[in-house]
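A short worksheet on the structure shown next.
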Amino acid sequence: MFTTELCRQHAIDHHGEPPVFAFLDIKSAYDTVDRAIIWRALETYVSPALLGVLQCLFDKVSVVEQSLIITDIE
């Protein structure tokens, strides 16, 4: 979560307020959710720009899982 704290501090320093973070666990349901239904439902509640961003995040993507291990070497 160190990166999250850096992002938070950057937003406060440059914009005067903390950001809003959303963490999505899409791995569990990635292939089981009909996103067309979700997009139709969201059209009523969010701007077209935000809907487009969400669609870009979830449609026509592939998921790659990586592990990053950081150790201190003295």
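Numbered as in my numbering, the sequence shown ends at 75 without a single skipped number.
For each residue, glycine too, the CB sits at the ideal point set by N, CA and C.
So, at 7 Å on beta carbons, what are the nonlocal neighbours of residue i in its own chain, with the 5 sequence-adjacent residues on each side left out?
| i | result |
| --- | --- |
| residue 36 | 59, 60 |
| residue 44 | 52 |
With distances taken between CB atoms, is the gap from residue i to residue j smaller than 8 Å?
| i | j | result |
| --- | --- | --- |
| residue 6 | residue 12 | no |
Pull up the CB-CB distance for residue i and residue j, whole angstroms please, since I reckon it's below 8 Å.
| i | j | result |
| --- | --- | --- |
| residue 40 | residue 51 | Incorrect: roughly 11 Å between the Cβ atoms, too far for contact. |
Tell me which residues share the same chain as residue i and place their Cβ nearer than 8 Å to its Cβ, disregarding the 5 neighbours each side in the sequence.
| i | result |
| --- | --- |
| residue 38 | none |
| residue 20 | 8, 9, 12 |
Which residue from the options puts its Cα closest to that of residue i?
| i | options | result |
| --- | --- | --- |
| residue 23 | 42, 9, 45 | 9 |
Looking only at its own chain, which residues have a Cβ that is under 6 Å from the Cβ of residue i, when we skip the five neighbours before and after it?
| i | result |
| --- | --- |
| residue 15 | none |
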